[in-house]
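What follows is one structure encoded as structure tokens, with my remarks underneath.
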Amino acid sequence: MTCPSDSYRIYFAPLQGYTDAIYRNVHARIFGGVEAYYTPFVRLEGGKFRNKDVHDIDPEANQAPVIPQLLAGNAEELGKIAALFASKGYTHADINMGCPFVPIARKHKGAGLLPYPDEAAALFEALKKFSDMTFSLKMRLGWDNPEEALNLLPLINETDFTSVTVHARIGTQQYKGVPDLDAFEKFYKECTHPLYYNGDLLSASDITAVTTRFPKLEGVVIGRGLLANPALALEYKNGAALNEQEKQEKLRQFHSELFALYQARMQGDAQLLGKLKTIWEYLLPDADRKCHKKIKKSSRIDRYTEAVNELFEQYHVQ
1 MTCPSDSYRI
11 YFAPLQGYTD
21 AIYRNVHARI
31 FGGVEAYYTP
41 FVRLEGGKFR
51 NKDVHDIDPE
61 ANQAPVIPQL
71 LAGNAEELGK
81 IAALFASKGY
91 THADINMGCP
101 FVPIARKHKG
111 AGLLPYPDEA
121 AALFEALKKF
131 SDMTFSLKMR
141 LGWDNPEEAL
151 NLLPLINETD
161 FTSVTVHARI
171 GTQQYKGVPD
181 LDAFEKFYKE
191 CTHPLYYNGD
201 LLSASDITAV
211 TTRFPKLEGV
221 VIGRGLLANP
231 ALALEYKNGA
241 ALNEQEKQEK
251 LRQFHSELFA
261 LYQARMQGDA
271 QLLGKLKTIW
281 EYLLPDADRK
291 CHKKIKKSSR
301 IDRYTEAVNE
311 LFEQYHVQ
């Protein structure tokens with residue numbers, strides 16, 4: 001493994017339903033290696049906040065360093081969400097213009113806002129009302145055309161963002177297909193803000209390849225790669241993979257702490273099982289398929305625990 005430059009930072013991207021406060025806190029304690037964790041976006045539903053979103057950004061619920069993220073389609077929504085963040089003591093927030101899910105995009109939110117420069121301009125203008133806060137931007141190359149990001153770039157460059165993160169796909173790709181590095185390069189060359197890359201970083205060599213091709217990057221933002229291998233950021237920062245015993249111990253401790261904390265919060269075994277199984281939608285994809293299948297099909301806590309223990313016993317660090 002190539003030793004990385006100390007100047008490249010790693011942030012943990014948010015994934016709705018996965019990287020909640022419990023997950024972030026446990027990951028920071030057991031693995032770490034990231035500068036901060038973006039929270040899943042906070043949005044308004046029927047003009048109101050969801051209780052779980054408010055709880056998730058509560059400073060008392062977060063021992064790990066976090067950056068709250070907001071999803072808004074207009075200045076009024078942005079104002080209400082930013083005011084919530086400020087009331088919680090946050091002085092920095094991230095603007096989501098990257099969410100690719102169609103129900104969100106249809107409302108001109110997330111990546112669905114990218115084809116509408118006038119609406120994006122109104123949203124960015126609203127940031128000026130929060131003089132005590134700074135803002136960063138997370139976006140895609142476009143909704144259905146990578147030219148959309150380039151069209152927005154003059155406006156982005158004029159806006160006082162602390163940084164910009166670009167997921168090198170368009171929204172209609174969701175998470176399929178390969179990232180468009182050539183389109184990203186065009187944005188990279190013209191963006192005047194500190195820039196971060198996001199998209200399909202699944203190994204330390206992937207991170208090295210991106211930072212080698214784009215040396216002026218500030219760093220990278222990783223989501224699914226860290227869900228699959230929670231040690232990825234730590235291994236990259238250390239310039240070496242964890243040995244098999246250390247990684248096994250950390251993975252077992254990671255799961256054990258998540259189990260205990262979710263068990264204390266969930267109401268009943270069925271809810272607990274549902275939550276625990278989401279972890280395995282990404283975690284250790286190279287582990288034994290039969291064990292993964294047993295975990296997925298388990299209908300009782302004891303069966304689930306048995307399947308997880310079996311997987312850990314058979315798993316060998318790649």
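Once you know that position 42 of the sequence shown is 42 in the working numbering, the rest is easy, because the numbers rise by one and skip nothing. Virtual Cβ for every residue (Gly too), placed ideally from N, Cα, C.
Nonlocal neighbours in the same chain, by C-beta distance under 6 Å from residue i, ignoring five residues either side
| i | result |
| --- | --- |
| residue 269 | 301 |
| residue 280 | 295 |
| residue 190 | 153 |
| residue 115 | 143, 148 |
| residue 197 | 210, 217, 220 |
| residue 43 | 71 |
| residue 109 | 71, 73 |
Cα-Cα separation between residue i and residue j, rounded to whole angstroms
| i | j | result |
| --- | --- | --- |
| residue 304 | residue 294 | 8 Å |
| residue 90 | residue 68 | 8 Å |
| residue 226 | residue 93 | 22 Å |
| residue 134 | residue 156 | 14 Å |
| residue 147 | residue 219 | 23 Å |
| residue 101 | residue 174 | 7 Å |
| residue 19 | residue 248 | 21 Å |
| residue 310 | residue 297 | 14 Å |
| residue 79 | residue 122 | 12 Å |
| residue 282 | residue 224 | 7 Å |
| residue 47 | residue 229 | 37 Å |
| residue 365 | residue 111 | This structure cannot settle anything about residue 365, because the visible part of the chain is limited to 1 through 318. |
| residue 330 | residue 299 | Only positions 1 to 318 of the chain appear in the structure, and residue 330 is not among them; the question remains open. |
| residue 257 | residue 125 | 43 Å |
| residue 95 | residue 138 | 6 Å |
| residue 128 | residue 263 | 43 Å |
| residue 290 | residue 306 | 13 Å |
| residue 53 | residue 176 | 27 Å |
Option in the options with minimal Cα separation from residue i
| i | options | result |
| --- | --- | --- |
| residue 204 | 108, 194, 221, 188 | 221 |
| residue 288 | 314, 77, 260, 185 | 314 |
| residue 163 | 172, 188, 113, 272 | 188 |
| residue 183 | 214, 158, 201, 159 | 214 |
| residue 107 | 57, 82, 72, 47 | 72 |
| residue 118 | 74, 132, 81 | 74 |
| residue 199 | 212, 166, 242, 290 | 166 |
| residue 161 | 168, 172, 181, 136 | 136 |
| residue 76 | 193, 158, 130, 196 | 130 |
| residue 286 | 312, 128, 53 | 312 |
| residue 179 | 168, 109, 120 | 168 |
| residue 159 | 120, 284, 177, 181 | 120 |
| residue 265 | 55, 177, 109 | 55 |
| residue 172 | 186, 195, 113 | 113 |
| residue 284 | 195, 267, 308 | 308 |
Close-in-space but distant-in-sequence residues of the same chain around residue i (CB under 8 Å, 5 per side omitted)
| i | result |
| --- | --- |
| residue 2 | Because the pLDDT of residue 2 is 46, which lies under 50, any placement of that residue in the model is unreliable, and the number read from its coordinates should be weighed accordingly. Counting only Cβ-Cβ distances below 8 Å, and skipping sequence neighbours, we find 204, 205, 208, 239. |
| residue 36 | 11, 12, 64, 65, 66, 67 |
| residue 254 | 26, 27, 30, 31, 230 |
| residue 14 | 37, 38, 39, 40, 41, 69, 223 |
Residue i vs residue j beta-carbon contact at 8 Å
| i | j | result |
| --- | --- | --- |
| residue 50 | residue 98 | no |
| residue 22 | residue 251 | no |
| residue 144 | residue 104 | no |
| residue 244 | residue 316 | yes |
| residue 31 | residue 70 | no |
| residue 132 | residue 82 | no |
| residue 233 | residue 33 | yes |
| residue 321 | residue 273 | No statement about residue 321 is possible, as the shown extent of the chain runs from 1 to 318 and does not include it. |
| residue 211 | residue 217 | yes |
| residue 192 | residue 17 | no |
| residue 325 | residue 62 | There is simply no residue 325 to check, as the chain begins at 1 and stops at 318 in what is shown. |
Neighbourhood of residue i by C-beta distance below 7 Å, restricted to the same chain and skipping five residues each side
| i | result |
| --- | --- |
| residue 58 | 88 |
heavy atom of the ligand FMN below 7 Å from residue i C-beta
| i | result |
| --- | --- |
| residue 51 | The ligand FMN is not among the ligands present in this structure, which contains no ligands whatsoever. |
is_contact[residue i, chain B] using C-beta, thresh 8 Å
| i | result |
| --- | --- |
| residue 123 | The structure shown has no chain B; it contains just one protein chain. |
Which complete alpha helix (DSSP H) runs does the region 69 to 131 hold, if anything under 4 residues is left out?
With a minimum length of 4 residues, the continuous alpha helix (DSSP H) runs that stay inside the region 69 to 131 are 75 to 87, 102 to 105, 117 to 126.
Please list the segments of the beta strand (DSSP E) lying wholly inside the region 187 to 270, counting only runs of 3 or more residues, in order along the chain.
The qualifying runs are 195 to 198, 219 to 222.
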